[in-house]
Amino acid sequence: MDLQRKEEEAVMIIGMTGGIGAGKSRVLQILKDKYKAFVIEADQVAKDLEQPGQEGLNGLVKIFGDKILSSDGTLNKDLFSKLIFGNPDALKKVNALIHPLVWARIRQMSRESSADLIVVEAALFDENSRRVCDFLVCVDTDPQIRMERLMKNRGYSREKCLEIMAKQQDRESFMQLSDYVIHNDGTPEEVEQEIARMMETISGFDPTLNGRDEKIRQEGAQ
């Protein structure tokens, strides 16, 4: 499928999520290879924002003090994790700071990209997701298959798989928030067919009409 767009047309931005072990990496690779998508990983954006001199780390220091820093000025991840673990109020403060910064950075990266298709991979969708993305997609896989993949590919025990999965949103919540679900239970060929059907469904989608609060390229041209 040819996704090339005219220069004046708006970029299409797809938000993608799914539980651990669902196979998002496989889907993202197909979108990169076959559809020339520019992929933005929200988790990596968050990590970048927590580097010295970045807004994220500066904000965390204002909230928690410089006790969260290592001697070299970087975030002491072990100490910070212990600080927020089991502390809903602290976690809420972190999310309130980091999430808006992450999506603002994603907007910036989208404006700077020349790609016609951008895919944002994120662990969770929220109100910022809909403001930035035209289309929200969930990669879904049977829980048993997810566990088998994690045990084989990452060496996790069954108990660790269950523990991690229990901390994530349930699969119904992921799917309810999404506009489209890619079922990733089958062979690589079947997954490619699923993706092709999705792209066919959205190929005529006009991202300027879905309620996104800004057209990314127009914003970048100002």
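The numbering of the sequence shown is UniProt numbering, which starts it at 1 and goes up by one.
Backbone N, C-alpha and C fix where the C-beta goes; we use that ideal spot for every residue, glycine too.
All of these numbers come straight from a predicted model, not from anything done at the bench.
Within 8 Å, strictly: CB atoms of residue i and residue j
i	j	result
Asp-140	Gly-18	yes
Ile-118	Ile-182	no
Phe-80	Ile-68	yes
residue 236	Pro-188	Residue 236 cannot be examined here, being either before or after the span of the chain that is shown, 1 to 222.
Arg-26	Asn-184	yes
Ile-63	Leu-97	yes
Sequence-distant residues of its chain with Cβ nearer than 8 Å to residue i (five each side left out)
i	result
Gly-73	Pro-52
Ala-179	Looking at the sequence provided, one finds Asp at residue 179 rather than Ala. Around Asp-179: Phe-135, Leu-136, Val-137.
Presumed contact (8 Å Cβ cut-off) between residue i and residue j, rounded CB distance
i	j	result
Ala-42	Glu-121	6 Å
Cys-133	Gly-15	4 Å
Arg-105	Val-45	5 Å
Asp-116	Val-191	So it is not a contact: roughly 22 Å between Cβ atoms.
Rounded straight-line distance, which links the Cα of residue j to that of residue i
i	j	result
Ser-157	Ile-195	31 Å
Gln-169	Asp-48	25 Å
Ile-40	Ser-129	13 Å
Lys-77	Glu-200	43 Å
Glu-112	Ala-37	14 Å
Lys-34	Pro-88	42 Å
Met-109	Phe-125	18 Å
Gly-155	Glu-163	14 Å
Ala-90	Ser-203	42 Å
Leu-75	Gly-23	30 Å
Gln-193	Phe-174	21 Å
Ser-70	Val-94	18 Å
Arg-131	Gln-29	25 Å
Bridge partners - residue i, DSSP secondary structure assignment
i	result
Leu-75	Leu-69
Glu-89	What sits at residue 89 in the sequence shown is Asp, not Glu. Its beta-bridge partners do not exist; DSSP assigns none.
residue 243	Outside the displayed range of the chain (1 to 222) lies residue 243, so it cannot be described from this structure.
Beta-carbon proximity list for residue i, same chain, < 6 Å, skipping 5 on both sides
i	result
Gly-21	Arg-146, Arg-149, Leu-150
Cβ shell of residue i (< 7 Å), same chain only, five flanking positions each side left out
i	result
His-99	Asp-126, Asn-128
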